[in-house]
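These protein sequence lines map, in sequence, to chains A and B. Residue 1 is where the first sequence starts when you use UniProt numbering, and the numbers rise one by one after that. Residue 1 is where the second sequence starts when you use UniProt numbering, and the numbers rise one by one after that. From the three backbone atoms N, C-alpha and C, an ideal C-beta is built for every residue, glycine too. Source: prediction; values computed, not measured. One structure is given here, and the rest of the page talks about it.
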Amino acid sequence: MEYVNPLTGLRIDGRRPTEMRHLKAQIGVVSKADGSALFEMGNTRVIAAVYGPREVQNRGQQMNNNEALVRCEYSMANFSTGDRARKPKGDRRSTEISLVIRQTMEACILTKLMPRSQIDIFVQVLQADGGTRSACINAATLALADAGIPMRDIVTSCSAGYLCTMPLLDLNYAEDSAGGPDVTVGILAKMDKVTLLQMDAKLPLDTFETVMQLAIEGCKAIAQYIREIMLQNTKQLECRRGS
Amino acid sequence: METTQMTEGGGGGATGIAAQMEVEAFRRLFPLPFYKRHLLESVRPDARALDYARDTTISLGPVASADGSALVKIGETAMLAAIKLEVMTPSKERPDEGSIVVEFYMPPICSPMVRPGRPAEVAPVISKQLLDVIRSSGMVNLKELCLISGKASWIAYLDIYCLNADGSLFDAALLSAVAAFTHLQIPLVSVTEEGRVFTVSSEQEEKTKFELVNKEKRKLSLSSIPFPLTCVIHEDYILVDPTAEEETVMETSITLVLDTLGNLVSIYKPGGVGLASTEIMKECITRTKRRMQELKTILEESVSVMEVD
């Protein structure tokens, strides 16, 4: 199957190989949550809600008295994928992604500032079209910012792959399931440090470097967009506050 | 932000614990007296009159991958409903009927009360209520979900997700279910020689040589659509369309469902401190009738907006 058309150089959805999907974000979608955000990357739509810092519910889980406990749960809506998912929450993939998101966000939250408390990050996938992991991390970053939780830096994430001898940025579901490699990268934007790096399938080393660089460029572009959204949001808050 | 001071006068049950207190603190510590003060003026904390429901919006088709979907917001309460159709063999007793499966989820994003490992108590209750109302209202004629009598019919999986829980959850859920069924488009279907039924997408339609079982993409013809209204009762006051705070404070809610033909489809009053006399029930029914007209207009508007697109 031609994932990159040899004549036009375009992918199946009409994008160029290093072009990301259309991004859209909205802060404050769940009024009951301390912080929330809706993040869209093309057709992938994800809502993140943050509750915290609040009292620790399960004393047994509280390992360290000097730090906040960060918990994360990832779940997909039944209708989010093409076929109706049978078990949207407890399955292995969801548990793995919950763990990945938790550890990624833990790296950037200043947990030492909030000892003996708990921060819950809940992510709900409404529509899945590839790159759900990345969309969840981006949504979680915005939700944490909306909740006012102190962070070291903003974390953004993007995926890239390698098909038909071309590195492709931001794979959608069709490209992801093509069987080629899929590199997901999460970086701390300003500090320029990699916090999440996952890859499956085989890649020669130099190709891997190109693909990873491409993903990092994608992350930086998303970070730019997230900053704009946060700035807009702050301006609105300032307006409402009347100052 | 200006902090408004509220002097503790003679009203309410709070006995002079603090002569002056901030409004927010008073609201948390003495919720019933706080509401009493508002009810005496026939108003609620969000400046609504007692018989006014919050702004309701319906948006059809937010989930592109589902056969029918709707997003409903009543105030801050948001519900996302989506219907996916799958083919199944009908039962022997009812060979020419399809079936509907309703599932209602309250994921942890919707409310601080819901946590992983401690699901919301109210979710399975609402799930059952929804199924009962959809079945007993007869809104969907199950015979329309039949494909080949005795061999194949549709099973409609209706999944409703609560995205923000701020009171009147059943109202929003039923409204989103109704809107999703209004939006539902049954896909085209064809049969192989072995008798296996498969869906034909619209691109394949022109090129196909298969025999199409249902000729045009059909919409369900819905009769007698049910519309709900939840009220809370406190002494002699009836508060229409409560927020989550009002539901927790007043503890007695009644949910009434009327259909477009004017029949009473369901009454649900699960106990509670407040008692409902016949007058109160009649009041609630009048309010529900008015709300039904409102909701009907809103639903029709959203359908026409979608058709324009």
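Between the alpha carbons of B/V265 and B/C146, how many angstroms are there, rounded?
Each residue's alpha carbon lies about 25 Å from the other.
From what residue to what residue does the alpha helix (DSSP H) around B/H234 run?
That residue, B/H234, is in no alpha helix (DSSP H); its beta strand (DSSP E) goes P226 to H234.
For the UniProt domain "Exoribonuclease phosphorolytic" (225-286) of chain B, which residues have a CB atom closer than 7 Å to at least one CB atom of chain A, in sequence order?
none
Report the neighbours of A/Q127 on chain B: residues whose CB is nearer than 8 Å to its CB, in chain order.
V63, A64 and S65
Helix, strand or coil for A/V56? Go by DSSP, reduced to three states.
coil
Between B/E206 and A/A139, what straight-line distance do the alpha-carbon atoms span, to the nearest angstrom?
Low confidence applies here, because B/E206 scores a pLDDT of 49, under 50, leaving its location unreliable; read the following figure in that light. Each residue's alpha carbon lies about 41 Å from the other.
Show which residues of chain B have a CB atom less than 9 Å away from the CB atom of A/F39.
Result: empty, since nearest Cβ-Cβ is about 13 Å, beyond 9 Å.
Determine the contact status of A/F122 and B/P108, defining contact as a CB-CB distance below 7 Å.
yes
Buried or exposed for B/P226, please, with buried defined as at least 16 other CB atoms from any protein chain shown within 10 angstroms of its CB.
buried
From this set, B/V43, B/V249 and B/K84, which residue's C-alpha is nearest B/G61's C-alpha?
Among B/V43, B/V249 and B/K84, the Cα nearest to that of B/G61 belongs to B/K84.
Where A/A189 and A/I226 are concerned, what is the direct C-alpha to C-alpha distance, given to the nearest angstrom?
Each residue's Cα considered, the two are about 10 Å apart.
Assuming contact is defined by CB atoms lying nearer than 7 Å, are B/L261 and B/S224 in contact in what I supplied?
yes
With a threshold of 6 Å (Cβ to nearest heavy atom), would B/I285 be considered close to the ligand GDP?
This structure lacks the ligand GDP; in fact it carries no ligand of any kind.
Helix, strand or coil: how does DSSP classify B/K207 here?
The predicted model places B/K207 with a pLDDT of 48, which falls under 50 and marks its position as unreliable, so this point remains unresolved.
Contact between the region 103-118 of chain A and the region 187-205 of chain A: three or more CB pairs below 8 Å?
yes
Per the DSSP calculation, A/L196 is bridged to which residue(s)?
A/G186
Does the beta carbon of B/K219 come closer than 7 Å to any beta carbon on chain A?
no
Check residue 347 of chain B in the structure and name its three-state DSSP category.
This structure gives no information on residue 347 of chain B, because the portion of chain B shown stretches from 1 to 309.
Between B/Y157, B/R28, B/T297 and B/H183, which has its C-alpha nearest A/D83's C-alpha?
B/Y157
What are the residues of the region 44-72 of chain A that lie near chain B, defined by any Cβ-Cβ distance shorter than 7 Å?
I47, A49, Y51 and Q57
May I have a chain-ordered list of the alpha helix (DSSP H) segments no shorter than 4 residues that lie completely inside the UniProt domain "Exoribonuclease phosphorolytic" (225-286) of chain B?
Within the UniProt domain "Exoribonuclease phosphorolytic" (225-286) of chain B, the runs of alpha helix (DSSP H) at least 4 residues long that lie entirely inside it are, in chain order, 244-250.
At least one CB of chain B closer than 7 Å to the CB of A/V30: is that the case?
yes
List, in order along the chain, the chain A residues whose C-beta lies closer than 7 Å to that of B/N164?
Within 7 Å Cβ-Cβ: V30, S31 and K32.
A/S80 and A/L126 - do their beta-carbons sit closer together than 7 Å?
yes
Just to confirm, is the Cβ distance from A/A37 to A/S117 under 7 Å?
no
In the DSSP assignment, find the unbroken beta strand (DSSP E) run with A/K24 in it and report its ends.
L23 to I27
Bridge partners of B/S103, per DSSP?
According to the sequence provided, residue 103 of chain B is Glu. The question's Ser does not apply to it. Bridge pairing for B/E103: B/D159 [DSSP].
Mind the definition here: the region 165-172 of chain A touches the region 142-151 of chain A only if three or more C-beta pairs lie below 8 Å; say whether that holds.
no
What is the rounded straight-line gap between the Cα of B/V303 and the Cα of B/I186?
So the alpha carbons of these two residues sit roughly 17 Å apart.
Just verifying my parser: in three-state terms, what is the DSSP assignment at A/A37?
strand
Measuring straight from C-alpha to C-alpha, what distance separates A/T95 and A/A77?
Taking the straight line from one Cα to the other gives about 15 Å.
Does A/Q124 get closer than 7 Å to chain B when you measure Cβ to Cβ?
Yes, its Cβ sits closer than 7 Å to a Cβ of chain B.
Shorter than 7 Å from the beta carbon of A/A143 to some beta carbon of chain B?
no
Ignore the nearest five residues each way along the sequence and tell me which others in B/E2's own chain have a CB closer than 7 Å to its CB.
Note on B/E2: pLDDT 41, under 50, position unreliable in the model; the coordinate value appears next. For B/E2, where only same-chain residues beyond five positions count, there are no Cβ hits under 7 Å.
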